[in-house]
Amino acid sequence: MDWKLRVILAVMASAWGLLFFTLGLRLTFPSDAAKTFLVQQVDELSGGQYALRMDDVSPWWGTGLSLENAQVLMRDAPKPRRRPRKNQDQEPTDEPEADPYRLLVELTEVSARIKPFTTLLSRAPTFSLAANLYEGDVAGVVSQSGAVTNIDVLGTDINLERMPVDGETLKAKLAGALRARINLVVDAEDAKNTTGKVRFEVDGLRMSEASLMGFTLGEANFSEAVLSLNVEQGRAKVKKGSFVSDLVQLQIDGEVQLQSPLGRSRLRLDFNVKLAEELDKLARLAPGVKEARDAEGVLHFTCSGTLDSPECGPEGARRGRVAGPMSVGDGTLGDEGGDEEPMDADERKRRRDERLAERRERIRQLREQREAGGGENNGDDPELAGPGDQRRPGPVNGPLNLPNEDELPPGEGDLPPRPDDVNLRDEPFPPDEQDRPPVDELGYED
């Protein structure tokens, strides 16, 4: 028999056997058992933080699996329940328990298979991925060696209309085609060893029905929408974060300190927002905008905390731009604050000590005058005002209740430290407060 004929017969036999193997595998594939196995693996590997749901599982290319209508969900933190009062029974409720998971991503179809030859050559399990994500395509390769995972994924034409933003700080409906490239080396045991690059870019980004920090924005068409990060030693630093439109310009800077699990990663992000003139006039009436505005009209916001629990607010609340009767320069009353160069902690402490010494001396002199005059105030001394004394109420022409000099607090406790005396980077933002009325320099509040 001719060798060519033998080769043809061998190829045909192999194809015939592969066809029957594929048909038999599809007909006898234990999809229910595979679904149960995948769900259990995701739950165990994530420690119950994530869940996987799907409609069906089928074989893919002999060495892989294909999932239909797969959903990846994340467990929300449980809300505290009210405890019943003492001697009060808790009333039963007929309301069904809420689903503890919220949807992260939904895939119409996702397939993954092991690459046998690459796995044998690299001695590390290597998988090929393909998915349909919100009418777009995602493809890539993932390999794992011990605790280190190599990820190289490319996503194109992902429809952002299927991905609305619904956060506490920012809410918006989006439209456009997202392109994403993720190239990372992730160390599950030590996040400091994680390196790589991440880039997101949107073509034709349009934002509508948006609100930022409670301020309503109009519809905006963006000419540029790019977010690029470089990851080195477990720090994802923003290389470029620029979103430019005719109504709003947003610049992002800062970094994310990666942690394991990912939800515990620490945020240190700054957002600079420049609004168009018509929006800027309305923004002045929104809460928190006054504290965030600088001299050029740019709004500064910061986000700290973690990915699971971000804390965002106006940067002015941290930098001392809050308007009010108290200046952030030297602690004196009545100044606007923020016009002078900031002082260091030693200089502020010295000024506080000087003010406290002056108050002690003034109180001592007033006490001597009170004792010399029989302990009565006849109204001649403007320092001893009756109705205007909001700290020590008493009769208009009666004795003034001055504090004992020994009871005065030490110099360290005269005034609270300035905001930049302590590190507030990871602390929650304080709520907006109403301006307090100026207080009399004499005495102390109880």
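The sequence shown begins at 1 in our numbering and counts up one residue at a time. For each residue, glycine too, the CB sits at the ideal point set by N, CA and C.
Taken atom to atom, the span from the alpha-carbon of E315 to that of K35 is near 47 angstroms.
Burial is judged here by how many other beta carbons sit within 10 angstroms of a residue's own beta carbon; I158 has at least 16 and is buried. Leaving aside the five residues that flank A10 on each side, none in its chain has a CB nearer than 6 angstroms to its CB. Between the segment 266-275 and the segment 241-257, the count of Cβ pairs shorter than 8 angstroms is three or higher; the stretches touch. Under DSSP, T216 shares a beta bridge with S211. The residue from V248, A295, V198 with its alpha-carbon nearest to that of L217 is V248. Rounded to the nearest angstrom, the Cβ distance from N221 to R206 is 5 angstroms, consistent with a contact under 8 angstroms. DSSP places S122 within a helical segment (H, G or I) once states are collapsed to three. When secondary structure is reduced to three states using DSSP, F37 falls in the helix class.
Separation of V298 and A292 (C-alpha to C-alpha, rounded to the nearest whole angstrom) is 8 angstroms. Here the alpha carbons of L267 and C312 stand approximately 10 angstroms from one another. Per DSSP, reduced to three states, the secondary structure at D203 is strand.
For R235, the beta-bridge partners assigned by DSSP are E232, Q257.
With distances taken between CA atoms, E232 lies nearest to D187 out of A225, P261, E219, D187. In the structure shown, P310 adopts extended strand secondary structure according to DSSP, grouped into three states. When DSSP states are grouped into helix, strand and coil, Q49 belongs to the coil group. At the C-beta level, L65 and V72 stay beyond 7 angstroms of one another. Between K171 and S211, the C-beta spacing is below 7 angstroms.
The criterion of a C-beta distance shorter than 7 angstroms is satisfied by V153 and G140. For Q251, DSSP records a beta bridge to S242, N272.
Excluding residues up to 5 positions away in sequence, A124, P125 lie with their Cβ nearer than 7 angstroms to the Cβ of Q144 in the same chain.
In this structure T302 is buried. Its beta-carbon is surrounded by 16 or more other beta-carbon atoms within 10 angstroms.
The alpha helix (DSSP H) runs of length 4 or more contained entirely in the segment 142-198 do not exist; there are none. In this structure, DSSP gives P59 an extended state, which the three-state scheme calls strand. In its chain, beyond the 5 residues on either side, V202, L205, F243 have a beta carbon closer than 6 angstroms to the beta carbon of A225.
Of the other Cβ atoms in all chains shown, 16 or more fall within 10 Å of the Cβ of G176; this residue is therefore buried. Between the C-alpha atoms of R235 and V165 there is a straight-line separation of about 25 angstroms. Annotation for L279: no beta strand (DSSP E) segment contains it, though the alpha helix (DSSP H) segment containing it runs 277-283. The closest CA to that of F127, considering only Q41, W61, R264, is found on W61.
Q259 is positioned such that its CB atom lies no closer than 7 angstroms to that of A147.
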